[in-house]
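Counting from 1, position 77 in the sequence shown corresponds to residue 77 in UniProt numbering; the numbering is continuous, with no gaps.
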Amino acid sequence: MLSIGILGVGELTEKVVIGLRRGGFSGHVLLSPRNHERARQLGRAWACEVMADNQSVVDQADLLFLGVRPDGVEGLSREVRLKPGQSLVSLVAGMKLEDLARSFPQAQPMRAMLSYAAQINQSTVVVTPSGQAHEALLATLGRLIVLDQEDAFELATVAACMNGWFYFFLNDLQQWFTDKGLSPEHARQLVMGNMQDCLASAGHQPQVRMDTLGNAIATPGTFTAAGLEVLRDKGAPQAWAAACDEVLERLQKTSQGHSGDQ
């Protein structure tokens with residue numbers, strides 16, 4: 001039976017472990033001892049074993065998840081030696097496959113990007129390259145998108161950042177309603193309900209452009225059109241595009257930095 005090792009127990013890898021267990025994975029899950037208290041609690045709640053050191057995780061696992069911060073990869077690569085052909089699923093943003101191959105020359109690397117919704121098996125899970133043996137395992141965490149081109153994966157990382165921004169956007173909308181006197185519960189229901197309505201409608205019509213769906217609602221003279229005009233006048237679309245450009249630029253610089261360090 002497949003054994004999984006977690007190198008770096010943090011927020012995201014914790015969600016991965018929970019999602020794998022909820023998705024039916026019954027094999028061994030081996031945890032890095034760093035961040036020991038968190039690892040211990042995760043192990044107790046989800047039947048995982050906290051190992052003595054990172055090399056022990058590597059030695060006893062078939063598949064590894066790499067969940068350390070980018071600046072922690074170099075130190076970890078000097079600490080452990082992977083088995084020939086060992087599968088390494090990297091969750092490290094901005095670190096390309098060629099960089100992973102340099103740091104872990106024995107590994108068979110792949111990159112994955114997902115959200116905290118992995119813990120409830122509802123995340124968008126993006127992987128590259130295609131054809132990896134463990135795509136089916138990752139698919140249990142949500143909706144799988146397989147990319148052949150690694151450059152496209154960096155764009156998927158920007159989309160993952162959007163996932164975090166959406167929480168603040170929804171919070172701001174909820175706050176507007178509560179400032180106007182609506183209860184927080186009803187404000188949350190309205191904001192989330194309308195967002196879910198939008199997603200459901202778009203999902204039901206996958207061939208229809210998003211702006212086409214919006215224009216069918218924001219017809220001239222409607223309240224929706226009046227509000228949309230204000231959003232555009234205030235630069236809302238430009239702000240979102242600028243945020244995406246900033247993240248992509250930082251990702252590209254991070255990748256260049258990895259290559260230059262080798």
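Where is the CB? At the ideal position from N, CA and C, for every residue including glycine.
- THR140 and HIS204 have their C-alpha atoms spaced approximately 22 Å apart.
- A straight-line Cα-Cα distance of about 31 Å links ALA160 and PRO84.
- Nearest in C-alpha terms to TRP165, of all of LEU228, ALA136, VAL247, is VAL247.
- Closest option to LEU12, judged by alpha-carbon separation, among TYR116, LEU63, LYS96, GLY181: TYR116.
- Bounds of the alpha helix (DSSP H) holding VAL58 are 54-60.
- In the structure shown, SER103 falls within a helical segment according to DSSP collapsed to helix, strand and coil.
- Residues of the same chain with their beta carbon placed closer than 6 Å to that of GLU185 are lacking, with the five preceding and five following residues left out of the count.
- Taking C-alpha positions only, ASP99 is separated from GLN122 by approximately 30 Å.
- Residue range 142-146 is occupied by the beta strand (DSSP E) that includes VAL146.
- Contact between the region 4-18 and the region 42-62 is established, with three or more Cβ pairs separated by less than 8 Å.
- Assigned with DSSP and collapsed to three states, GLN86 falls in strand.
- DSSP, read as helix, strand or coil, puts PHE65 in strand.
- For the 8 Å CB-CB criterion, ALA52 and MET113 do not form a contact.
- Straight-line spacing of the CA atoms in GLY24 and ILE18 works out to 10 Å.
- VAL9 is positioned such that its CB atom lies closer than 8 Å to that of ASN35.
- Sorting GLU249, GLN41, TRP46, GLU14 by C-alpha distance to the C-alpha of SER26 places TRP46 at the top.
- Bounds of the beta strand (DSSP E) holding ILE6 are 4-7.
- Going by C-alpha positions, VAL127 is about 12 Å away from ASP151.
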